[in-house]
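A quick write-up on the structure given underneath.
Number of protein chains: 6
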Amino acid sequence: MNLLAEMSWPEVEEYLGRDTRVILPLGAVEEHGRHLGLGTDFIEAEAIALGTGEATGVAVAPTLNYGMSLPLMGFPGTLSLSPHTLVAVLNDLLRGLYQHGFRRILAVNGHGGNVASIHSAVQMLAQDLPGLRVKSFEWWMDAEVNRIVTEMMGEQTGSHASAAETAFMLAVRPNAVKMQQLTGRDAPVKPSREITTQQTFATLYPDGIMGLDPSGATRAAGEALLKKAVEICVRELEEWPES
Amino acid sequence: MNLLAEMSWPEVEEYLGRDTRVILPLGAVEEHGRHLGLGTDFIEAEAIALGTGEATGVAVAPTLNYGMSLPLMGFPGTLSLSPHTLVAVLNDLLRGLYQHGFRRILAVNGHGGNVASIHSAVQMLAQDLPGLRVKSFEWWMDAEVNRIVTEMMGEQTGSHASAAETAFMLAVRPNAVKMQQLTGRDAPVKPSREITTQQTFATLYPDGIMGLDPSGATRAAGEALLKKAVEICVRELEEWPES
Amino acid sequence: MNLLAEMSWPEVEEYLGRDTRVILPLGAVEEHGRHLGLGTDFIEAEAIALGTGEATGVAVAPTLNYGMSLPLMGFPGTLSLSPHTLVAVLNDLLRGLYQHGFRRILAVNGHGGNVASIHSAVQMLAQDLPGLRVKSFEWWMDAEVNRIVTEMMGEQTGSHASAAETAFMLAVRPNAVKMQQLTGRDAPVKPSREITTQQTFATLYPDGIMGLDPSGATRAAGEALLKKAVEICVRELEEWPES
Amino acid sequence: MNLLAEMSWPEVEEYLGRDTRVILPLGAVEEHGRHLGLGTDFIEAEAIALGTGEATGVAVAPTLNYGMSLPLMGFPGTLSLSPHTLVAVLNDLLRGLYQHGFRRILAVNGHGGNVASIHSAVQMLAQDLPGLRVKSFEWWMDAEVNRIVTEMMGEQTGSHASAAETAFMLAVRPNAVKMQQLTGRDAPVKPSREITTQQTFATLYPDGIMGLDPSGATRAAGEALLKKAVEICVRELEEWPES
Amino acid sequence: MNLLAEMSWPEVEEYLGRDTRVILPLGAVEEHGRHLGLGTDFIEAEAIALGTGEATGVAVAPTLNYGMSLPLMGFPGTLSLSPHTLVAVLNDLLRGLYQHGFRRILAVNGHGGNVASIHSAVQMLAQDLPGLRVKSFEWWMDAEVNRIVTEMMGEQTGSHASAAETAFMLAVRPNAVKMQQLTGRDAPVKPSREITTQQTFATLYPDGIMGLDPSGATRAAGEALLKKAVEICVRELEEWPES
Amino acid sequence: MNLLAEMSWPEVEEYLGRDTRVILPLGAVEEHGRHLGLGTDFIEAEAIALGTGEATGVAVAPTLNYGMSLPLMGFPGTLSLSPHTLVAVLNDLLRGLYQHGFRRILAVNGHGGNVASIHSAVQMLAQDLPGLRVKSFEWWMDAEVNRIVTEMMGEQTGSHASAAETAFMLAVRPNAVKMQQLTGRDAPVKPSREITTQQTFATLYPDGIMGLDPSGATRAAGEALLKKAVEICVRELEEWPES
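Protein chains in written order, with the numbering used here: chain L, 9 to 251; chain W, 9 to 251; chain D, 9 to 251; chain C, 9 to 251; chain B, 9 to 251; chain F, 9 to 251.
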């Protein structure tokens, strides 16, 4: 596989002579309920990125493990970049990739809180860097992926630390899953026009789970879900002509 | 009506003795097809804010006319704050409101490109400012509002410079509507994981309209839509206990 | 009139084919004594800008309602951008205007606290943007305007929330004038080398008025003053060859 | 004399036990016509500061030699901080002085381009630092000083690199004065609403002098002028009760 | 082992009840000669951090894979944060750790280019965060570690991509080592007072190796070196009383 | 001598026609034990810069008196730029020098805390400014200089406010030396992996001296040391071909 981490600079040079695509996994370090590890988001993003890299031969950049998690800072262990910092990091990384000749960048983003910063960074860079193209894939917002989740585990309204995330982690990092810590409580996602912050999140979702209790999560669903996510990323990379 | 623009400082002082709510209209200056004025977003936001202020007596702050419109900078006349600048502006305004004693702020946001910055600003401020609460209302993303649009003008898949926006402007600022400039072309919104930028927007939507041709827009629908939007904002303000 | 707010992008494109001038009104939201609305500065700037646009056909950009008002933050309702934020906003707007082809920009600035930021932004942009030219007009600092003020209302030493400002508002937004709130107190402007801040302003000028009590302000003087201000702006635009 | 540069930390500690005043000289490095050295502004500011320190025993901080000189960057040798950088420097220095216990700071500012940044920095710091008071003295804008200039050298309309500045430099650093380089050309200061930038300054004032040819400058006038400037600064320090 | 990535928030909460130490591995993504992978620095830092976490039970935070590598941007694949961005990231992470209650942070830093930013971030935070203590360990600058290198592989003057680094990678990630790519060329480190930049680095060290050809590197030396590095980190954590 | 402070712009223009080298002295304002003035670092840097300018005819820029001294802020009188501010200042100055045509810049840096910022600024600028070359000279880190120190005053382990610094100041600014304030206490430099901050510095080095008591410092050693430092700088300038 083409991991930038393991490639030497002459190997990258050679790669850029025949391909301008790269996969960039983006994560976060934040609470995921009483039962999942703080690294859930970057572990999931990396799993999809590695699967996609293996299937396509497209180079995979090292994972940015930290993301924008301000509203969850009330939970012990959450570590957040400010939105401004995250935009600066993405600006530096994307600008660097472009400088070397990469042009089509697939961000495999494991965390909702990063979406705004990815868009900001790309839209600002587009002023300067002609031909830069960035796709962003968020597995848990994907209709095809969610169809599998529903088929295998029933209707799931949850989002953060949900059955889908739990299943995913059972498949890729069981050490970070402690099902016995689940309380059985549901915390239905309350639609509201009030912006959720560190001040209000813990009141709305005291266990750190948004949605139904994920006790029914299965490793098999996680594996199916990962397979589908990789399949979509492969398709996105293959159907992406250089501009 | 309680317009901050017309209130003197002793009047604001007196107001704050009995209420901590305020309405903040947020707009943008960007192309809206061949037929709508560049000010569409701030004109609409201001119309809803004024209607809501009139109905409730809640103070209305002056409109922030400019917003984050980078992806549309390719069209003549679009003027955009960078995301970083917009966050700084919102930080200054919200911090100022808080310093005076405002605690519940309803952002009536007329522009999708502002959403990320509003969230960023509020989530950062929440670290420092206990008791600050911010709601954000986006009329075009609202299910109730969209139901009216559909009832009165048929199914509309459009988003930017759509029939709904056109109807709204016919109702509130007909001078900024030039229906004769419409080309009749549809530009269906193409779902894509590629992030739209200044480089790609004009290729996807050459007239600057995202969606179906809005020729069928009616002033009556615009009036109904505005009424509904105000009704929702009034409800949001009334059902908002101080924390 | 050529309001950018009402012009569509093809209209701006057509305009830029024959003219590179634009008027940009800049305001502030800050206390103006016990009798004037917080929006005084942007209301006045907008009135001059609209009058000038009407007389010349030069395009008028939407008003930036907020400005740099830090020293007045002690008075309820004042909302201030930090100097750094204001420079960022002006940088974004001027850069955007330049990108579309505007070259001669008349800033109609209604607020003294903005002057430094306008100069900073323009002087920094001038490093990058050849041919950018910016004029800044401040009505209350203008000798011709002040002559009219004196002729019609007697010698006025005041500056902020003065008889001149009061007259102006009587002419353009009487709803924002509450003459009955005036106390009759004079607060002579004390020349000092100490920099006025939020900590000291309210001590020096407890009503928020700098100068003589403006009870003698008349609407007629306001109208004459506006007419003269527009006349000067028209002249500035007409005697401004493209470089 | 109490030069911070020569005082050890226990001496500063002892000083702060009996006084909270300090003098901070601010300069610039920029062209001053064909005849004066680039350091003119900081040399003058330092001369006044040292004279004042000697007369009062008030501590004198090291000079900030560089200032905001963007509009003069077109002339070889001018070195400018951006306005943003200068505000950051002043913020750091004033905050540091305050942290140690200084409360009354007299900025002896030798350069017009610094004024806006001094005001910005102080007005922002005033939000955080109760009791911070800053005076700013600009010798060339002072009526008393200008009276002496006129008495000794006749009416002078010049400002930058004028007869007054030349006289001052003859008095304090004759090595930096080359009278033989003067061309005898006058460059009357043209009042204009257009903001002067690097692009336009050299066209308006090709020798880098704003105003009348300063050939008539005398060392005696420079000495008188310095004496008066020091006298004013002494008065400002003496008539400045701690708040 | 206490990996934050695998710990849930209640587990972190429980940990903080008995310990305030944490290990933070810091890396870089940059060329390491023709034979080592771009991820060398973060792979090495993570290996030491994991070893130390295992030996002590101290929590290990996720690795920051990217660092400050500007001078190496001329080599394909190097990706660098600007110094300003890196300081912002470290500020956010250290502030977050502190907010949760961590007080003694051992940064296991795999990259020389990060040292300045770590110091900057910590020294700025120390103004605000009483009791924050940070140690920084750089294995290749350590006398004890270098003694082992010399004993096992002879005198090594190299630094970047040296025999020591090569041995380390043979021990922990042989997939990222391609010994056959070595050219046998030495590139002695030239002491110079000129600051090395992207413009000059590749001229001085064309293969991207600073120092002697590392062909003699052995896995055994890498293992010994890692063991020693872990031993030192364990000692640093154990001999670190809470202040 | 070619002091920029005394040169007029036509003289700089003429100089740049034949030379692209310049000397930039960088200092700091920070405690230097009970016996040395706060300006020690900039006084020393300026002395070396002036000596070098005199010997070579290379232009000398005005001294940047302030530097990065955060860890010493606990001692009265220390004034520090934040690292971010210092990088911004250096960026502005180096960019300005480059704009005028200077290409080889010798930073005579009197303060260890500035090193990181000098490197950061230069490495960032190198992305944009082809041909920019910067050398940085730190006298107290120089082997040749230290040999003289040892020969004349015995082995010295001290660094900050040491015998070497004391000797230097006796030679160049005896007014800033108060030998009678010395306590005779040694404060051996304790090697530690913990990053020294404002919180810990004063505990480790209560007098503000790092190392042995400098009572044995002699003016003769200071003169020899300065002579050697100048000699090295002259050599660095002479053996520096334009690229």
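Each residue gets a CB set at the ideal place from its N, CA and C atoms; glycine is no exception.
Just so you know, these numbers come straight off a predicted model, no measurement behind them.
Have a look at residue i and residue j and give me their C-alpha separation to the nearest angstrom.
{"i": "F:D49", "j": "C:E163", "result": "44 Å"}
{"i": "D:L137", "j": "D:L105", "result": "11 Å"}
{"i": "W:A13", "j": "D:E52", "result": "11 Å"}
{"i": "B:L78", "j": "W:S144", "result": "41 Å"}
{"i": "W:A36", "j": "D:R181", "result": "25 Å"}
{"i": "B:V185", "j": "B:T191", "result": "14 Å"}
{"i": "B:T28", "j": "F:Q207", "result": "18 Å"}
{"i": "W:Q188", "j": "D:F176", "result": "39 Å"}
{"i": "B:R201", "j": "B:A195", "result": "18 Å"}
{"i": "L:A129", "j": "L:R112", "result": "15 Å"}
{"i": "W:G65", "j": "D:G120", "result": "32 Å"}
{"i": "C:R26", "j": "B:N99", "result": "38 Å"}
{"i": "F:A63", "j": "F:K235", "result": "11 Å"}
{"i": "F:I126", "j": "F:R243", "result": "21 Å"}
{"i": "F:D221", "j": "F:A232", "result": "20 Å"}
{"i": "B:G59", "j": "B:E21", "result": "23 Å"}
{"i": "B:N73", "j": "B:E146", "result": "15 Å"}
{"i": "W:N122", "j": "B:S90", "result": "27 Å"}
{"i": "F:R193", "j": "L:Q107", "result": "55 Å"}
So, using beta-carbon positions, are residue i and residue j closer together than 8 Å?
{"i": "D:T86", "j": "D:L80", "result": "yes"}
{"i": "W:F209", "j": "W:G118", "result": "no"}
{"i": "W:G230", "j": "W:A179", "result": "yes"}
{"i": "L:A169", "j": "L:L44", "result": "yes"}
{"i": "F:T93", "j": "C:A172", "result": "no"}
Opposite residue i in the DSSP bridges: which residues?
{"i": "F:P33", "result": "F:V116"}
{"i": "B:A195", "result": "B:G219"}
{"i": "F:S88", "result": "F:G75"}
{"i": "F:A67", "result": "F:V30"}
{"i": "C:R141", "result": "C:R112"}
{"i": "L:H40", "result": "L:L44"}
{"i": "F:E54", "result": "Paired residue(s): none; F:E54 is not in a bridge."}
Could you pull out every residue in the same chain whose Cβ sits closer than 8 Å to the Cβ of residue i, ignoring the five residues on either side in sequence?
{"i": "W:T204", "result": "P79, L212"}
{"i": "F:M15", "result": "Y23, A67"}
{"i": "B:T226", "result": "M160, M161, A175, L178"}
Please list, in chain order, all residues of the same chain as residue i whose beta carbon is under 7 Å from its beta carbon, the five residues on each side excluded.
{"i": "L:A134", "result": "L140"}
{"i": "C:A69", "result": "L12, V30, I31, L32"}
Around the Cβ of residue i, are there at least 16 other Cβ atoms within 10 angstroms (buried) or fewer (exposed)?
{"i": "L:Q131", "result": "buried"}
{"i": "W:M76", "result": "buried"}
{"i": "W:E39", "result": "buried"}
{"i": "D:T158", "result": "exposed"}
{"i": "F:G155", "result": "Correcting the residue identity first, residue 155 of chain F is Arg in this sequence and not Gly. Per the 10 Å Cβ criterion, exposed."}
{"i": "F:S88", "result": "buried"}
{"i": "W:A151", "result": "exposed"}
{"i": "D:E19", "result": "buried"}
Spatial neighbours of residue i within its chain, please: C-beta separation below 6 Å, excluding the five flanking residues on both sides.
{"i": "F:R42", "result": "Q189, D215"}
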